[in-house]
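Participant: Counting from 105, one number per residue, gives the positions in the sequence shown under this note's numbering. We put the CB at the ideal spot given by N, CA and C, even for glycine. All values derive from a computational prediction rather than experimental measurement. Below you will find the structure I want to go over with you.
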Amino acid sequence: MSWGTELWDQFDNLEKHTQWGIDILEKYIKFVKERTEIELSYAKQLRNLSKKYQPKKNSKEEEEYKYTSCKAFLSTLNEMNDYAGQHEVISENMTSQIIVDLARYVQELKQERKSNFHDGRKAQQHIETCWKQLESSKRRFERDCKEADRAQQYFEKMDADINVTKADVEKARQQAQIRHQMAEDSKADYSSILQKFNHEQHEYYHTHIPNIFQKIQEMEERRIVRMGESMKTYAEVDRQVIPIIGKCLDGIVKAAESIDQNNDSQLVIEAYKSGFEPPGDIEFEDYTQPMKRTVSDNSLSNSKGEGKPELKFGGKSKGKLWPFIKKNKLVSLLTSPHQPPPPPPASASPSAVPNGPQSPKQQKEPLSHRFNEFMTSKPKIHCFRSLKRGLSLKLGATPEDFSNLPPEQRRKKLQQKVDELNKEIQKEVDQRDAITKMKDVYLKNPQMGDPASLDHKLTEVSQNVEKLRLEAQKFEAWLAEVEGRLPARSEQARRQSGMYDSQNPPTVNNCAQDRESSPDGSYTEEQSQESEVKVLAPDFDDDFDDEEPLPAIGTCKALYTFEGHNEGTISVVEGETLFVIEEDRGDGWTRIRRSEDEEGYVPTSYVEVYLDKNTKGAKTYI
């Protein structure tokens, strides 16, 4: 099977076919090139996706990746990054092993094809030239034969004519001989050229064209084989990365299997555990008795005796905080007792007072109201400092000792800070030792350097070590204080019943505790409190020393007697007239004043308010 013998007359079709083969090869190269671009684009998108979901350094997200599920997700992102790298490898290998190689081969193929068809065209031109020579010789021989025949006929005519002279006859005879000789010469030339053409034609169709077509056939077959090899390489490049991609996928599976829900649950406990115990049971309050509430020692609010005895609370008060109480706004903390007002006494007759309000039905206060009462049952003056500190926390001023955190969280933060300082100290100590050794080397070998040049650096490092040690001691002291305050489990149960610290009197509210609830729901701690502080002691901060009293906006008359036991409230007697300094804002409480130093809140339903016309509707803010 040879193109030279089978397709000896299909030169033009073979030329078109070989050009088509080169076009197919170039199309395949273009296909592979686009595949590499897709692989690169896919790898880039995978890397961007992995980078997008990577935790940002020194951010809250980085802290969240301590959970096993987050660690598994991070491993998945890293494996996807490696997965993307394998697609880049595919692109690089296809480019180097297929695209570059085939592009170079296509150029060689084009040159070879051009050379082969140039030889074919040259052979065609030669045989065409021989054919033209043969045709020319044939026409000349034909023409000479006709001329010789005409000359012979003319001679015979002249010879038969008796009127023609002998000289004319001889002339005609000589002319006929000349023409015959020319015809013979043309015949011999035509015969020679014909033999030569037949030889050239035989060589053309049986030697030159078969050889040229055979080269073209081999060239085309090599192109086909090369294209097949490239396709195998194309598949092999993919196959080479399959094991590594499989390892990436195995890594993702392994990361998923490493997720431990119990460990994550424990981490949540460690992250948010406050160290407090849940509140105890609430005592039953008998409303059938006179309106003097009786609260037991283990209730959420402590009992308060008649009159106004001095309240004392020590620096080691162990009152409890309830971290699940909702956050309250700073303004409402300053202006409201945080609990709904009690209804007027059922025994009081509304008709006894002109325009008296209807007595609402007695109803048991919700648990959240009792919690709020517990949270706000504190000397008002002492709360101003806590509120001011809570406001500073809201503005972003985090205490250095992390006193805004619950005990357990504060202990962890302090421990973390101590560990960081110890690492920095060790780093500075290592640097100091290295400088000391270098100075010793300089002392032994002065040509290596001046020992005095290291004194400044050595002094600076030593000072840094001392500063860091002092800082570490400060945090270790805070840590020791917190660890000393954190009770054991048995002690916590005793704290719950109010028997943990029997030497200190029970506190009546939350503000007197070592750890205070700030307005944003965090915690603050009183680092140094007086051993005994009276309620009416001048314990205002500077921010509150110069506060002017609010102006009165009207007067009110007490419809019922109200005993103000809670922080922020004031006791009134039925029929008493007082000054109104703040209207009811919708929470059921009205702020009144008896004298310059005695003011507070009473239930709005307990008083009848008479606002001045020029101030009615005005709003008062603290």
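Does the distance from the CB of residue 733 to the CB of residue 287 come in under 8 Å?
Facilitator: Only positions 105 to 726 of the chain appear in the structure, and residue 733 is not among them; the question remains open.
Participant: Which residues bound the beta strand (DSSP E) around residue 707?
Facilitator: Taking the sequence shown and counting its residues from 1, the one referred to as residue 707 is at position 603. 702–707 is the span of the beta strand (DSSP E), which, as asked, contains residue 707.
Participant: Pick out the complete beta strand (DSSP E) segments inside the stretch 107–158, 3 residues or longer, and give them in chain order.
Facilitator: none
Participant: With DSSP collapsed to three states, give me the class of residue 714.
Facilitator: For the purposes of this step, residue 714 is identified with residue 610 of the sequence shown, where counting begins at 1. Three-state result, residue 714: strand.
Participant: Nearest-angstrom Cα distance between residue 218 and residue 198?
Facilitator: Translated into the one-based positions of the sequence shown, residue 218 becomes position 114. Translated into the one-based positions of the sequence shown, residue 198 becomes position 94. The straight-line gap from Cα to Cα measures roughly 28 Å.
Participant: From which residue to which residue does the alpha helix (DSSP H) around residue 683 run?
Facilitator: The residue you call residue 683 lines up with position 579 of the sequence shown. Element bounds for residue 683: not the alpha helix (DSSP H) but the beta strand (DSSP E), 681–686.
Participant: Residue 268 by DSSP, collapsed to three states: which one?
Facilitator: Residue mapping note: residue 268 aligns to position 164 of the sequence shown, counting from 1. Residue 268 falls in the coil class under three-state DSSP.
Participant: Using the Cα positions of residue 697 and residue 380, report the straight-line distance between them to the nearest angstrom.
Facilitator: Here residue 697 corresponds to residue number 593 of the sequence shown, with the count starting at 1. Here residue 380 corresponds to residue number 276 of the sequence shown, with the count starting at 1. For residue 697 and residue 380, the distance between alpha carbons rounds to 38 Å.
Participant: May I ask you to report which of helix, strand or coil DSSP gives residue 452?
Facilitator: On the sequence shown, residue 452 is found 348 positions in, with the first residue counted as 1. For residue 452, the predicted model reports a pLDDT of 40, less than 50, meaning its position is unreliable and no value from the coordinates is stated.
Participant: Kindly indicate the opening and closing residues of the alpha helix (DSSP H) around residue 658.
Facilitator: The residue given as residue 658 occupies position 554 in the sequence shown. It is not in any alpha helix (DSSP H) - residue 658 instead sits in the beta strand (DSSP E) that spans 658–662.
Participant: Tell me whether residue 674 sits in a helix, a strand or coil according to DSSP, three-state version.
Facilitator: In the sequence shown, counting from the first residue as 1, residue 674 sits at position 570. In the structure shown, residue 674 sits in coil (DSSP, three-state: anything other than H, G, I, E or B).
Participant: First and last residue of the alpha helix (DSSP H) that includes residue 514?
Facilitator: As a working mapping, residue 514 is identified with position 410 in the sequence shown. 511–548 is the span of the alpha helix (DSSP H), which, as asked, contains residue 514.
Participant: May I ask you to verify whether the stretch 325–333 touches the stretch 260–275, counting CB pairs closer than 8 Å and requiring at least 3?
Facilitator: Note that the stretch 325–333 does not touch the stretch 260–275; fewer than 3 beta-carbon pairs, one per stretch, sit closer than 8 Å.
Participant: What separation, rounded to the nearest whole angstrom, lies between the Cα atoms of residue 166 and residue 157?
Facilitator: The residue labelled residue 166 in the question sits at position 62 within the sequence shown. The residue labelled residue 157 in the question sits at position 53 within the sequence shown. Going by the C-alpha atoms only, they are around 11 Å apart.
Participant: Between which two residues does the beta strand (DSSP E) carrying residue 696 extend?
Facilitator: The sequence position of residue 696 within the sequence shown is 592, counting from 1. Residues 693–699.
Participant: Within this structure, are the beta carbons of residue 684 and residue 715 separated by less than 8 Å?
Facilitator: Taking the first residue of the sequence shown as position 1, residue 684 is located at position 580. Taking the first residue of the sequence shown as position 1, residue 715 is located at position 611. The beta carbons of residue 684 and residue 715 sit closer together than 8 Å.
Participant: Determine contact between the stretch 704–712 and the stretch 655–671, defined as no fewer than three beta-carbon pairs at a distance below 8 Å.
Facilitator: Cβ pair count under 8 Å is three or more, so yes.
Participant: Taking the alpha carbon of residue 512 as the reference point, which residue from 581, 588 and 530 has its own alpha carbon closest?
Facilitator: Position 408 of the sequence shown, counted from the first residue, corresponds to residue 512. The shortest Cα separation from residue 512 among 581, 588 and 530 belongs to 588.
Participant: Tell me which same chain residues have a C-beta within less than 6 Å of the C-beta of residue 188, skipping the five on either side of it?
Facilitator: Translated into the one-based positions of the sequence shown, residue 188 becomes position 84. Non-local beta-carbon contacts of residue 188 in its own chain, meaning distances under 6 Å to residues more than five positions away in sequence, involve 147, 150 and 151 in chain order.
Participant: Whose C-alpha, out of 674, 541 and 172, is nearest the C-alpha of residue 367?
Facilitator: As a position in the sequence shown, residue 367 is number 263, starting the count at 1. The option with the nearest alpha carbon to residue 367 is 172.
Participant: Could you tell me the alpha carbon to alpha carbon distance between residue 282 and residue 239, rounded to whole angstroms?
Facilitator: Counting from one through the sequence shown, the residue named residue 282 turns up at place 178. Counting from one through the sequence shown, the residue named residue 239 turns up at place 135. Distance between the alpha carbons of residue 282 and residue 239: 23 Å.
Participant: Please look up how many angstroms separate the CB atoms of residue 317 and residue 124, rounded, as I've assumed it's under 8 Å.
Facilitator: Mapped onto the sequence shown, residue 317 falls at position 213. Mapped onto the sequence shown, residue 124 falls at position 20. Between residue 124 and residue 317 the Cβ distance is about 16 Å, and since that is not below 8 Å, they are no contact.
Participant: If we count Cβ pairs, one from each stretch, closer than 8 Å, do we get three or more for the stretch 544–558 versus the stretch 511–528?
Facilitator: no
Participant: Classify residue 194 as buried or exposed, calling it buried when 16 or more other Cβ atoms lie within 10 Å of its own Cβ.
Facilitator: Your numbering for residue 194 matches position 90 in the sequence shown. By the 10 Å Cβ count, residue 194 comes out buried.
Participant: Drop a sphere of 10 angstroms on the beta-carbon of residue 376, count the other beta-carbons inside from all chains shown, and report buried for 16 or more, exposed for fewer.
Facilitator: Counting from 1 along the sequence shown, the entry for residue 376 is found at position 272. That one is exposed.
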